[in-house]
Amino acid sequence: MPGAKQELSQANSPETSISTQSRVGTESESFDLSALMLESNQLNQLFDIMPAGVVIIDGDGKVVKANKAARKLLDCELMSKNWIDVIKTVFHPRADDGHEVSLKNGRRVKLDISSFDSQTGQLIQITDLTETRILQEKISQMQRLSSLGRMVSTLAHQIRTPLSSAMLYCANLKAKNMTPAKQQLFQEKLHARLQELEQQVNDMLLYAKSGGKQVVEVVEVQTIIDDAIAGVEAQLDEASATCKIHYAPYHGEPLKLLANKSALEGAIQNLIQNALEVIDDQPHIDIHIDAEGDWILVRVKDNGNGIPAQDHDKIFEPFYTSKMQGTGLGLAVVKSVAKAHHGDVELSSEAPGGAEFCLKLPQFKTEHQEIEK
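With positions in the sequence shown counted from 1, the corresponding number in the working numbering is that position plus 1035.
Dropping the structure here:
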């Protein structure tokens, strides 16, 4: 019993109590450290298996961390590299990049940059859009081919009428007893029918091509408008029409577009031609150019009778027309060209009161310059 009392006394001694507390504290710290290490490993694994590329740069612009997707996508050494040097090595901006950026290996990516709240540096998320863009282009092409297939019978019918008339006028011109006055009349009618055929073909080609890959360039909006007007001067003169251009006050660089210049000119000319075809007496067209945020707005307004509300939903459909003349493709072309430029066209019309078509197109911005900043 004395031995047991002695052991109990030693167990309750201050030295033993301190030793026990120290051991418990060490075990607790060890448990906390293990939990932190486990959590850190889980976060690292999660970071590395993310499908999107993620790059973290410090306040000096150097890469301090990059996951597997980023390393595979950029295909270069990233750690400790200056991000600006990575851009110069890997990125290859093209004129048609828009809100995306091309890489030297041919892939196209989207960059999202976020800043940290509690520390300097940035997190850059890199999303590979290459396959998405290829799929979208294929779908767009299939839809366009399907649409063109449905148009064939209608187009054949529409071409047959002016073609038959042209052939008839041409045959009549061979008559030996035709008076000079009648000969001139037939020549004018023949020319008009051939122009109608040419318009049919031009509209069809522009509609077919507007959704595909086009040669694009950075061009000032004023240049597009001026050249479009110059291309329809003859039609304006023939209709005794007036056309006035209004540029909203804009301070800074001239408004620019990344555009297929000829396609956009054709779209604007179609809007003007559409107005001329529906106004018989003293046509007047106002073209207003303005900028709202990241968008450029081109409004084409006429002084006609407007378009009835029931036609608003159908007005942009291919071959839909309420006019005695015209291809029925003009406004479909405008819509297609606008969509191909990542924009749109809207109709504002109250009958009577004239029609106003608004082309909404994205301003040109150099995305890769913003990245470097």
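For every residue, glycine included, the Cβ atom is placed at its ideal position computed from N, Cα and C.
Counting C-beta neighbours from all protein chains within 10 Å, is the total for residue i 16 or more, i.e. buried, or is it exposed?
i: Asp1261; result: exposed
i: Gly1341; result: buried
i: Ser1384; result: buried
i: Met1359; result: Caution is warranted here: a pLDDT of 48 is assigned to Met1359, below 50, making its placement in the model unreliable, and the coordinate value is therefore given only provisionally. The residue in question, Met1359, is exposed, as its Cβ has fewer than 16 Cβ neighbours within 10 Å.
i: Ala1269; result: exposed
i: Phe1399; result: buried
i: Val1236; result: exposed
i: Asn1212; result: exposed
Could you check the C-alpha separation between residue i and residue j for me, to the nearest Å?
i: Gly1339; j: Ala1390; result: 7 Å
i: Val1368; j: Ile1091; result: 45 Å
i: Ser1200; j: Val1253; result: 43 Å
i: Ser1153; j: Asp1095; result: 16 Å
i: Lys1296; j: Asp1316; result: 32 Å
i: Phe1082; j: Leu1113; result: 16 Å
i: Lys1395; j: His1376; result: 9 Å
i: Gly1301; j: Leu1332; result: 17 Å
i: Arg1142; j: Gln1157; result: 23 Å
i: Gln1345; j: Glu1381; result: 15 Å
i: Phe1351; j: Gly1378; result: 15 Å
i: Pro1128; j: Ile1122; result: 10 Å
i: Asp1093; j: Lys1100; result: 9 Å
i: Ala1104; j: Pro1086; result: 6 Å
i: Thr1167; j: Ile1174; result: 11 Å
Could you give the C-beta distance for residue i and residue j, rounded to a whole number, given that I count them as a contact under 8 Å?
i: Asp1163; j: Val1144; result: 6 Å
i: Pro1289; j: Trp1330; result: Not a contact, Cβ separation roughly 16 Å.
i: Gln1304; j: Ala1276; result: 13 Å between Cβ atoms; not a contact.
By Cβ distance below 6 Å, which residues in the same chain neighbour residue i in space, the five residues on each side in sequence not counted?
i: Lys1248; result: Here the model assigns Lys1248 a pLDDT of 49, short of 50, so the residue's position is not dependable, and the following value carries that caveat. So the list is empty, once near-sequence residues are dropped.
i: Pro1197; result: Arg1228, Glu1231, Leu1232
i: Ala1310; result: Ile1320, Asp1337
Only counting the same chain, and skipping five residues up and downstream in sequence, which positions put a Cβ closer than 7 Å to that of residue i?
i: Ser1115; result: Lys1097, Val1098
i: Asn1140; result: Asp1110
i: Leu1271; result: Cys1278
Below 8 Å CB to CB, which residues in the same chain sit around residue i once its five sequence neighbours on both sides are set aside?
i: Lys1279; result: His1319, Ile1320, Asp1321, Ile1322
i: Gln1257; result: Tyr1282, Pro1289, Leu1290, Ile1324
i: Ala1373; result: Ala1302, Asp1379, Val1380, Leu1394, Lys1395, Leu1396
With a threshold of 9 Å between beta carbons, is residue i in contact with chain D?
i: Asp1325; result: Here there is only one protein chain, and chain D is not present.
- Message: Ignoring anything shorter than 3 residues, give me the beta strand (DSSP E) runs that lie fully in the segment 1063-1110, in order along the chain.
- Response: 1088-1092, 1098-1101
- Item | Secondary structure, alpha helix (DSSP H): runs of 4+ residues fully inside the segment 1318-1379 | 1365-1375
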